[in-house]
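*Asks:*
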Amino acid sequence: MMLEVKDLVIRFHDRIGGEAVHGVSFSMAAGERLGIVGESGAGKTLTALAITRLLREDNAELLGSIRFMGHDMLNTSGKEMRKIRGKEIGFIFQDPVASLNPLMPVGPQIEEPLLLHTDLSKAEREERVLQAIRDVDLPEPEVTIRKYPHQLSGGQCQRVMIASALICHPSLLIADEPTTALDVTVQTQILKLLKRKNEEENVGILYISHDLSLVRRLCTRVIVMYNGNIVETGDVEQIFTHPKEEYTQRLIAAIPTRSKRYV
Ligand SMILES: Nc1ncnc2c1ncn2[C@@H]1O[C@H](COP(=O)(O)OP(=O)(O)OP(=O)(O)O)[C@@H](O)[C@H]1O
Ligand SMILES: [Mg+2]
78 MMLEVKDLVI RFHDRIGGEA VHGVSFSMAA GERLGIVGES GAGKTLTALA ITRLLREDNA
138 ELLGSIRFMG HDMLNTSGKE MRKIRGKEIG FIFQDPVASL NPLMPVGPQI EEPLLLHTDL
198 SKAEREERVL QAIRDVDLPE PEVTIRKYPH QLSGGQCQRV MIASALICHP SLLIADEPTT
258 ALDVTVQTQI LKLLKRKNEE ENVGILYISH DLSLVRRLCT RVIVMYNGNI VETGDVEQIF
318 THPKEEYTQR LIAAIPTRSK RYV
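Residue 148 in our numbering is what sits at position 71 of the sequence shown, and the numbering runs on without skipping anything.
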């Protein structure tokens, strides 16, 4: 298994009740497309942040174990984690515009992981950036690298994020609500792009969304979370058509019929 999360508990020192994730266990094979669904507050983002150790550790306590490609993630030093993040694990988030630096052209932002994790020459890095831009179907690479985020659409910014997240060929891409801020057509394009990247480069995708119909379009397997626990997990078609748990049935019932028809 590429990723194994076992009995993950996340506790906050400053929160009444303290615990937000109550012992979550799941695993993910190399090259798999796995979804996490659940309504707001279920603990989806916290689980993703725990895997990348991006929670503020003076405030959050992590118990259990997370193994990723031979690394014991909860006992890995900060320095070691910085080597893993951006290189072995890429991530993209809900709001691509807010995730990008508004004061910097997108080219250098896509290049950043190469500066951190490789010793490629300037010319080699530039070639890789142009290639990455082509790979995510952005127009005119030589022009695009010089543009600032505000000169691109939301969907184009998300493509920039994907290009940057994948530029070091990570084994795992964590995508937390990556299409929520985008309109339906662009949403579909981004899902297709993620699927193609998964098939071409065998990058495993952990796709987080509150919308099971989106997860169904991309993933083969899904984890349903509610209130800091996993309530159901299995094949996405199976769960979509025959949900066992009442909570999952309610999630499916809440999907607007229109988007149900899209799938
Ligand atoms: N830094 C924090 N300090 C205290 N509590 C937190 C912190 N971050 C998250 N929580 C709490 O943990 C719970 C799970 O949060 P999380 O962000 O993982 O939810 P989510 O499933 O990603 O929801 P959404 O769909 O809204 O993104 C929530 O109740 C939230 O209030
Ligand atoms: Mg979230």
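Virtual Cβ for every residue (Gly too), placed ideally from N, Cα, C.
1) Assuming R223 and G184 form a contact by the criterion Cβ under 8 Å, report the distance between their Cβ atoms to the nearest whole angstrom.
2) For S248, which residues from the same chain have a beta carbon less than 7 Å from its beta carbon, with the 5 sequence-adjacent residues on both sides left out?
3) If we ignore side chains and look at the alpha-carbon of each, how far apart do N275 and G95 end up?
4) Any residue with its Cβ nearer than 7 Å to a heavy atom of ligand 2 should be included. What is that list in chain order?
5) Would you identify the three-state DSSP class for G147, choosing helix, strand or coil?
6) Three-state secondary structure (DSSP) at G115?
7) Here's the rule I'm using: 16 or more other beta-carbon atoms within 10 Å means buried, otherwise exposed. How should M181 be labelled?
8) With burial defined as no fewer than 16 other Cβ atoms inside 10 Å of the residue's Cβ, what is the status of T122: buried or exposed?
9) So, helix, strand or coil for G108, using DSSP?
10) Could you give the residue range of the beta strand (DSSP E) that holds G298?
11) Tell me the DSSP bridge mates of T122?
12) At the level of alpha carbons, what is the spacing between V340 and H319?
13) Are the beta-carbon atoms belonging to R144 and R298 less than 9 Å from one another?
14) With a floor of 3 residues, list each beta strand (DSSP E) that falls wholly inside the stretch 226-271, ordered by position along the chain.
15) Smallest Cα separation from A258: which of S176, L295, K156, Q208?
16) According to the Cβ coordinates, are P173 and M238 closer than 9 Å?
17) Name the one or two DSSP bridge partners that K83 has.
18) How big is the Cα-Cα spacing for N304 and G100?
19) Tell me which residues share the same chain as P333 and place their Cβ nearer than 6 Å to its Cβ, disregarding the 5 neighbours each side in the sequence.
20) Which runs of the alpha helix (DSSP H) at least 4 residues long sit entirely within the stretch 167-232? Give them in chain order.
21) Tell me G281's beta-bridge partners as DSSP assigns them.
*Replies:* Inspection of the coordinates gives the following:
1) Counting from 1 along the sequence shown, the entry for residue 223 is found at position 146. Counting from 1 along the sequence shown, the entry for residue 184 is found at position 107. In this structure R223 touches G184 by the C-beta definition: roughly 6 Å separates them, less than 8 Å.
2) Within the sequence shown, residue 248 is the residue found at index 171, counting from 1. The answer, listed in chain order, is M79, A107, M146, E165, V280, G281.
3) Here residue 275 refers to the residue found at position 198 when the sequence shown is read from its first residue. Here residue 95 refers to the residue found at position 18 when the sequence shown is read from its first residue. Spanning the two alpha carbons is a distance of roughly 37 Å.
4) K121, T122, D253, E254, I285
5) In the sequence shown, counting from the first residue as 1, residue 147 sits at position 70. In this structure, G147 counts as coil in the three-state DSSP scheme.
6) Here residue 115 corresponds to residue number 38 of the sequence shown, with the count starting at 1. In the structure shown, G115 sits in coil (DSSP, three-state: anything other than H, G, I, E or B).
7) Position 104 of the sequence shown, counted from the start, is the residue given in the question as residue 181. Exposed, since its Cβ has fewer than 16 Cβ neighbours within 10 Å.
8) Looking up residue 122 in the sequence shown gives position 45. By the neighbour-count rule (16 or more Cβ atoms within 10 Å), T122 is buried.
9) In the sequence shown, the residue the question calls residue 108 occupies position 31. Reduced to three states, the DSSP call for G108 is coil.
10) Within the sequence shown, residue 298 is the residue found at index 221, counting from 1. The question names Gly, yet the displayed sequence has Arg at residue 298. Residues 298-303.
11) What you label residue 122 is simply residue 45 of the sequence shown in a count that begins at 1. Beta-bridge partners assigned by DSSP to T122: none are found.
12) Numbered from 1 along the sequence shown, position 263 holds the residue referred to as residue 340. Numbered from 1 along the sequence shown, position 242 holds the residue referred to as residue 319. Note that V340 has pLDDT 45, beneath the 50 cutoff, so the model's placement of it is unreliable and the number below is only indicative. Between V340 and H319, the C-alpha separation is close to 16 Å.
13) Position 67 of the sequence shown, counted from the first residue, corresponds to residue 144. Position 221 of the sequence shown, counted from the first residue, corresponds to residue 298. No; because the gap between Cβ atoms is not below 9 Å, this pair is not in contact.
14) 249-253
15) Working through the sequence shown from its first residue, we reach residue 258 at position 181. Checked all of S176, L295, K156, Q208; the closest Cα to A258 is S176.
16) In the sequence shown, the residue the question calls residue 173 occupies position 96. In the sequence shown, the residue the question calls residue 238 occupies position 161. In this structure, M238 lies closer than 9 Å to P173 by Cβ.
17) On the sequence shown, residue 83 is found 6 positions in, with the first residue counted as 1. DSSP output for K83 lists S142 as bridge partner(s).
18) Taking the first residue of the sequence shown as 1, we reach residue 304 at position 227. Taking the first residue of the sequence shown as 1, we reach residue 100 at position 23. Going by the C-alpha atoms only, they are around 11 Å apart.
19) Position 256 of the sequence shown, counted from the start, is the residue given in the question as residue 333. No residues qualify anywhere along the chain.
20) With a minimum length of 4 residues, the continuous alpha helix (DSSP H) runs that stay inside the stretch 167-232 are 173-176, 183-194, 199-212, 218-221.
21) On the sequence shown, residue 281 is found 204 positions in, with the first residue counted as 1. Per DSSP, the beta-bridge partners of G281 are L249.
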